Amino acid sequence: MYRFGDMVLIAFPYSNNEGNKKRPALVLLDAGDDDVLLARVTSQYTNTNFDVEINEWQQAGLLVPSYVRLHKLATLEKVLIDRRLGYLSSNDLSKVASKLNEIFGDL
Numbered sequence: 006m007y008r009f010g011d012m013v014l015i016a017f018p019y020s021n022n023e024g025n026k027k028r029p030a031l032v033l034l035d036a037g038d039d040d041v042l043l044a045r046v047t048s049q050y051t052n053t054n055f056d057v058e059i060n061e062w063q064q065a066g067l068l069v070p071s072y073v074r075l076h077k078l079a080t081l082e083k084v085l086i087d088r089r090l091g092y093l094s095s096n097d098l099s100k101v102a103s104k105l106n107e108i109f110g111d112l
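The number in our numbering is simply the position in the sequence shown, starting from 1, with 5 added.
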């Protein structure tokens with residue numbers, strides 16, 4: 006079972022469903038079934054209101070400074086996860102939780 010804040014390596018599908026790319030992703034939710042809700046992680050900075058910078062990226066098991074893209078979510082099967090890379094620091098996890106609340110809190 007995975008937990009909120011786990012960084013995993015997974016074959017993340019392209020949005021056009023034509024192929025995938027093995028990349029890091031942040032676990033947002035594991036409800037105990039066969040699937041997990043993930044947010045894409047990238048090293049490419051874009052100036053959006055949906056990206057969260059990972060300050061302690063090495064603790065998260067990442068090779069380079071990276072960003073969580075909270076507008077790039079996917080529910081994927083756990084069997085697609087290659088391995089757990091690390092875990093977000095409490096500061097980075099707090100930033101992600103705050104941004105999620107900002108984005109989805111008023112629904």
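Ideal Cβ positions, reconstructed from N, Cα and C, are used throughout, including at glycine. As the structure is a computational prediction, the values presented were derived from the model and not from experiment.
Item	Value
Inter-residue spacing [alpha-carbon to alpha-carbon] between ASN60 and ASN96	8 angstroms
Contact the region 78-89 vs the region 47-65: 3+ CB pairs below 8 angstroms	no
ALA65 and SER103 closer than 9 angstroms at C-beta	no
C-beta contact flag for PHE9 and LEU33 at 9 angstroms	yes
Exposure of TYR19, with buried meaning 16 or more beta-carbon neighbours within 10 Å	exposed
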